[in-house]
Amino acid sequence: MADHHDTTRPGSLREQIGVVLLRSATALAADRQSTIRHIADVPDGALGRERALSTLAFAGWVDSLLLWLAWRLLPADAVPGQVSPPGP
Numbered sequence: 000m001a002d003h004h005d006t007t008r009p010g011s012l013r014e015q016i017g018v019v020l021l022r023s024a025t026a027l028a029a030d031r032q033s034t035i036r037h038i039a040d041v042p043d044g045a046l047g048r049e050r051a052l053s054t055l056a057f058a059g060w061v062d063s064l065l066l067w068l069a070w071r072l073l074p075a076d077a078v079p080g081q082v083s084p085p086g087p
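Set out below in structure tokens:
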């Protein structure tokens, strides 16, 4: 009889949540890096530039937290090549 509370089998709810968090966090981090590059082109002293950069620095901390949580949820033997691609 299958244990419905097993969180280590492939495709478990825990793994699915980990994969979603991992994909979301990496997409957010890529968007944040792109935004930082655009803001860095704005001259120093421009209104709102420093505040935007400090907000993005905090967002980087949040990205790191989401990535950490995602990897904690994924099984120890999960590697990117073994994680199933997103559905349609």
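Under numbering that gives the first Met the number 0, the first residue of the sequence shown carries the number 0, and numbering increases by one thereafter. Positions of the beta carbon are idealized from the N, C-alpha and C atoms, including for glycine.
Cβ-Cβ separation between residue 31 and residue 55: approximately 6 Å, consistent with a contact (criterion under 8 Å). In summary, residue 40 is exposed, with fewer than 16 beta-carbon neighbours lying within 10 Å of its beta-carbon over all protein chains present. DSSP, read as helix, strand or coil, puts residue 10 in coil. Taking all protein chains shown into account, residue 18 has 16 or more neighbouring C-beta atoms within 10 Å of its C-beta and is therefore buried. Exclusion of the five residues before and after residue 28 leaves 59, 62 and 66 as the residues of its chain whose Cβ lies within less than 8 Å of its Cβ.
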